[in-house]
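Since the structure comes first, as structure tokens, the remarks are kept for the end.
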Amino acid sequence: MSALDIQNIRKSYGAVETLKGIDIALQSGEFLVLLGSSGCGKSTLLNIIAGLAEATSGDIRIAGRSILGVHPKDRDIAMVFQSYALYPNLSVRRNIGFGLEMRKVPLAEREKAVAEASRLLQIEPLLDRKPSQLSGGQRQRVAIGRALVRKPQVFLFDEPLSNLDAKLRLEMRTELKRLHQILKTTVVYVTHDQIEAMTLATRIAVMKDGRIEQLGTPEEIYNQPATLYVAGFVGAPPMNMIDVEVDNGALRIVGSEVRLRLPDRFRPLLQAPVVQDKTRLALGIRPEALRLASLDQAGDQAGGHVLPVRIEVVELTGPELVATARIGPQKLTACLAPRARVGQGDVAAFAVDDDALHLFDPATGQALLA
Amino acid sequence: MSGSWMTTRAWLLMLPLLAVMISVIGWPLVDTVRLSFTDARLVGTEGSFVGLDNYARMLSGANFQRTLVTTTWFAVISVAAEMVLGVLAALLLNQQFYGRTVLRALMILPWALPTVVNATLWRLIYNPEYGALNAALTQAGLLDAYRSWLGEPNTALAALIVADCWKNFPLVALIALAALQAVPRDITAASMVDGAGPIARFRFVILPYLVGPLLVALVLRTIEAFKVFDIIWVMTRGGPANSTRTLSILVYQEAFSFQRAGSGASLALIVTLLVTVLAVAYAALVRKAAGSAS
Numbered sequence: 001m002s003a004l005d006i007q008n009i010r011k012s013y014g015a016v017e018t019l020k021g022i023d024i025a026l027q028s029g030e031f032l033v034l035l036g037s038s039g040c041g042k043s044t045l046l047n048i049i050a051g052l053a054e055a056t057s058g059d060i061r062i063a064g065r066s067i068l069g070v071h072p073k074d075r076d077i078a079m080v081f082q083s084y085a086l087y088p089n090l091s092v093r094r095n096i097g098f099g100l101e102m103r104k105v106p107l108a109e110r111e112k113a114v115a116e117a118s119r120l121l122q123i124e125p126l127l128d129r130k131p132s133q134l135s136g137g138q139r140q141r142v143a144i145g146r147a148l149v150r151k152p153q154v155f156l157f158d159e160p161l162s163n164l165d166a167k168l169r170l171e172m173r174t175e176l177k178r179l180h181q182i183l184k185t186t187v188v189y190v191t192h193d194q195i196e197a198m199t200l201a202t203r204i205a206v207m208k209d210g211r212i213e214q215l216g217t218p219e220e221i222y223n224q225p226a227t228l229y230v231a232g233f234v235g236a237p238p239m240n241m242i243d244v245e246v247d248n249g250a251l252r253i254v255g256s257e258v259r260l261r262l263p264d265r266f267r268p269l270l271q272a273p274v275v276q277d278k279t280r281l282a283l284g285i286r287p288e289a290l291r292l293a294s295l296d297q298a299g300d301q302a303g304g305h306v307l308p309v310r311i312e313v314v315e316l317t318g319p320e321l322v323a324t325a326r327i328g329p330q331k332l333t334a335c336l337a338p339r340a341r342v343g344q345g346d347v348a349a350f351a352v353d354d355d356a357l358h359l360f361d362p363a364t365g366q367a368l369l370a
Numbered sequence: 001m002s003g004s005w006m007t008t009r010a011w012l013l014m015l016p017l018l019a020v021m022i023s024v025i026g027w028p029l030v031d032t033v034r035l036s037f038t039d040a041r042l043v044g045t046e047g048s049f050v051g052l053d054n055y056a057r058m059l060s061g062a063n064f065q066r067t068l069v070t071t072t073w074f075a076v077i078s079v080a081a082e083m084v085l086g087v088l089a090a091l092l093l094n095q096q097f098y099g100r101t102v103l104r105a106l107m108i109l110p111w112a113l114p115t116v117v118n119a120t121l122w123r124l125i126y127n128p129e130y131g132a133l134n135a136a137l138t139q140a141g142l143l144d145a146y147r148s149w150l151g152e153p154n155t156a157l158a159a160l161i162v163a164d165c166w167k168n169f170p171l172v173a174l175i176a177l178a179a180l181q182a183v184p185r186d187i188t189a190a191s192m193v194d195g196a197g198p199i200a201r202f203r204f205v206i207l208p209y210l211v212g213p214l215l216v217a218l219v220l221r222t223i224e225a226f227k228v229f230d231i232i233w234v235m236t237r238g239g240p241a242n243s244t245r246t247l248s249i250l251v252y253q254e255a256f257s258f259q260r261a262g263s264g265a266s267l268a269l270i271v272t273l274l275v276t277v278l279a280v281a282y283a284a285l286v287r288k289a290a291g292s293a294s
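Respectively, the protein sequence lines represent chains X and L. Under the UniProt record's numbering, the first residue of the first sequence is numbered 1, with each subsequent residue one higher. Under the UniProt record's numbering, the first residue of the second sequence is numbered 1, with each subsequent residue one higher.
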């Protein structure tokens with residue numbers, strides 16, 4: 001039995017359908033991240049799970065029990081909000097214990113739970129303060145503490161780190177990961193930050209326009225993006241998308257004479273025949289999959305390719321050198337070693353392995369997997 | 001340099017207003033203070049200096065004490081009722097329902113009416129011969145015979161309080177509604193997930209956001225209720241048997257009906273002092289509430 005089972009959830013506001021049939025089944029202890037840009041429906045889905053919004057159709061089950069129509073307080077969930085949503089006139093202690101207080105848990109038991117949560121979150125010295133006397137990071141810890149003491153079946157997080165500054169966000173991210181490792185509770189976490197998604201999730205659901213584009217482990221999302229959207233959304237800088245044309249069983253980069261041998265795993269596509277001669281495709285290559293190579297090796301190599309390029313811009317970010325180059329008329333970004341010896345205007349070559357090539361149908365946006 | 005030039009210009013621009021204020025507020029105020037130490041009559045004698053006699057007589061008189069009690073009752077009960085009604089109306093109008101906008105606009109109406117119109121309206125409602133209240137209560141079987149609500153000393157003040165509440169609760173509701181809309185949606189959502197029922201949610205989540213704005217409404221309404229004149233003058237003129245006579249009515253009677261300008265002036269200054277004390281106390285309260293909210 002799944003810890004959380006989301007079955008064909010749809011949500012419409014008048015004629016606008018914001019969720020178009022969402023299906024996700026989570027095992028106990030999974031950390032699911034709903035990832036997508038604003039307006040993709042991820043927060044709506046979270047609110048439906050929490051009971052703060054109603055689904056138009058579909059069902060949600062927590063530990064086998066349908067929770068549609070059940071009041072939020074009876075769903076056995078706890079939620080952490082982006083704005084922390086602390087009660088301004090209550091002390092930290094009462095904020096954390098509020099859920100238990102409302103459930104008439106005896107004072108001694110409440111105190112014990114609050115003490116335990118605040119120890120775990122290292123906020124014991126703050127217990128008698130008011131939220132207005134806390135920093136952003138401390139407030140978020142209190143908000144998490146308030147969720148923790150309830151010991152719910154499912155934790156819901158609505159962009160909990162997006163109000164924090166960059167350094168604090170990193171700290172809290174690690175903190176959340178640590179907490180999840182200790183508590184092993186099922187989590188649904190909404191964010192638009194792909195790094196948060198990659199680092200925290202056991203599974204990621206990339207959402208777009210009310211649909212799930214891809215549901216998979218972070219490795220799957222990163223290494224085998226199912227659609228152009230996922231490929232472009234996850235990864236920074238985003239995956240390079242190069243227009244190519246199928247030409248005699250090879251891929252020719254549009255606008256140039258550069259040709260790549262079609263890797264073996266894509267061969268079946270030619271026989272299917274999904275892909276015919278002159279078919280236009282999108283070739284995806286992650287910037288970090290490109291390495292600087294010697295120009296005289298340009299062409300197909302064993303298990304890979306060397307592409308001749310002209311460097312246009314070079315940016316040192318610290319840990320890496322981001323080189324923006326042209327291959328024919330098309331743009332290609334590469335994340336190189338910081339000491340790579342390239343400069344603006346250089347004619348150079350980038351090497352890439354066959355394994356790192358992704359092909360997409362530009363018409364449907366779907367990956368061509370072989 | 002430019003600073004002093006700006007200052008000069010500012011004073012020049014304010015001069016006409018200052019002149020008007022000094023002549024219509026400042027001078028009468030000073031003259032009232034002077035009058036209050038004399039036994040001047042409204043018409044006739046200029047009056048001679050009598051020291052604190054007027055004050056002593058007014059403060060120790062049974063009239064003043066009885067009127068102070070009446071005024072306090074009127075202010076406390078009408079303001080309390082307005083606060084409760086206003087908050088309840090605001091909570092209702094903050095819900096999502098069909099026709100909410102129309103209802104919000106309708107609610108403002110009583111407050112938008114001139115006091116005299118409202119008072120006349122309620123006099124009609126309370127009319128002992130053809131009033132709507134009498135009709136409604138007798139037809140509902142709650143009342144045997146028509147009563148003179150404003151003509152009986154034991155119902156007149158209550159009837160006035162109802163009329164005053166009807167007129168003034170929309171102001172409180174309006175202020176409370178604005179405050180309610182400032183309650184973050186996330187906090188109400190969090191309290192629902194935490195299991196707070198409607199009463200706990202109001203107490204712990206909503207009320208903290210209402211306290212500041214409501215205090216302002218409380219200050220405004222209490223001061224106004226304490227100085228109330230027009231609605232009472234139109235409906236009962238302080239009667240019957242002085243049962244609805246408030247301080248402002250007493251001042252009017254003393255100074256104009258009995259033409260005792262000197263003692264009227266002293267009474268007016270006493271009322272001013274009382275209202276000032278109230279205002280200062282409330283201002284401190286508001287400051288404290290604002291401090292604890294931030």
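All C-beta atoms, glycine included, are put in the ideal place defined by N, C-alpha and C.
The region 215 to 231 of chain X makes contact with the region 194 to 205 of chain X: 3 or more CB pairs, one atom from each, lie closer than 8 angstroms.
Per the DSSP secondary-structure output, I22/X pairs in a beta bridge with I9/X. P88/X is not bridged by DSSP to any residue. M14/L sits exposed, since fewer than 16 C-beta atoms from the chains shown fall within 10 Å of its C-beta. Here the alpha carbons of L106/L and L214/L stand approximately 21 angstroms from one another.
Within the region 83 to 113 of chain X, S83, A85, Y87, P88, N89, L90, F98, G99, M102 and R103 place their CB atoms closer than 7 angstroms to a CB of chain L, listed in sequence order. Of the residues M79/X, M198/X and E257/X, the one whose Cα lies closest to the Cα of G328/X is E257/X. With contacts defined by Cβ atoms closer than 7 angstroms, F350/X and V314/X do not form a contacting pair. If the five residues before and after Q138/X are omitted, its C-beta is found closer than 8 angstroms to the C-beta atoms of I123 and L126, all from its own chain and listed in chain order. Within the DSSP bridge table, the entry for A282/X names D243/X and F360/X as partners. Under a 10 Å Cβ-count criterion, Q253/L is classified as buried, with 16 or more other Cβ atoms of the shown protein chains found around its own Cβ. Taken through DSSP and simplified to helix, strand or coil, T188/L comes out as helix. Taking 7 angstroms as the threshold, the shortest C-beta distance from G26/L to chain X does not fall below it. Beyond the five residues adjoining it in sequence on each side, Y189/X comes within less than 6 angstroms, by CB distance, of V33 and F157 in the same chain, given in chain order. In the displayed model, S135/X falls within coil according to three-state DSSP, outside both helix and strand. For D277/X, the CB contacts under 8 angstroms within the same chain, skipping 5 residues up- and downstream, are V246, D247 and N248 in chain order. In terms of beta-carbon proximity, P16/L stays away from the interface with chain X, with every pair separated by 7 angstroms or more. Here DSSP, grouped into helix, strand and coil, assigns Q96/L to coil.
When DSSP assignments are scanned along the region 187 to 269 of chain X, the uninterrupted stretches of beta strand (DSSP E) that are 3 or more residues long and fall wholly within it turn out to be 203 to 208, 211 to 216, 240 to 247, 250 to 253 and 259 to 261. With contact defined as three or more Cβ pairs closer than 8 angstroms, the region 268 to 276 of chain L and the region 25 to 38 of chain L are in contact. No Cβ-Cβ contact shorter than 7 angstroms links P319/X with P237/X.
A119/L and G264/L have their C-alpha atoms some 26 angstroms from each other. Counting C-beta pairs closer than 8 angstroms gives fewer than three between the region 201 to 208 of chain L and the region 43 to 58 of chain L, which falls short of the contact rule. Taking a contact as a CB-CB distance under 8 angstroms, the pair G145/X and L168/X does not count as one, their CB atoms being some 16 angstroms apart. In the DSSP annotation of this structure, the continuous segment of the alpha helix (DSSP H) that includes I125/L starts and ends at T115 to Y126. In summary, the residues of the region 173 to 197 of chain L whose CB is separated from some CB of chain X by less than 8 angstroms are P184, D186, I187, A189, A190, S191, M192, V193, D194, G195, A196 and G197, in the order they occur in the chain.
In this structure, the alpha-carbon of I232/L lies about 57 angstroms from that of K11/X. In summary, the residues of the region 204 to 215 of chain L whose CB is separated from some CB of chain X by less than 9 angstroms are F204, V205, L207, P208, Y209 and V211, in the order they occur in the chain. Think of a sphere of 7 angstroms around the beta carbon of A50/X: the chain L residues whose beta carbon falls inside it are V193, in chain order. Positions of the alpha helix (DSSP H) runs, each at least 4 residues long and wholly inside the region 233 to 290 of chain L, are given as 247 to 252 in order along the chain. By the criterion of a C-beta distance shorter than 8 angstroms, I48/X is surrounded in its chain by I9, K11, L19, E54, A55 and I60, once the five residues flanking it on both sides are discounted. Residues of chain X whose Cβ lies closer than 9 angstroms to the Cβ of A112/L do not exist; the shortest such Cβ separation is about 34 angstroms. Closest option to V149/X, judged by alpha-carbon separation, among M102/X, A166/X and S43/X: M102/X. The alpha-carbon separation between N134/L and A241/L amounts to approximately 22 angstroms. Under DSSP, V205/L takes part in no beta bridge, so it has no partner.
The CB of A289/L never comes closer than 7 angstroms to any CB in chain X; the least such distance is about 11 angstroms.
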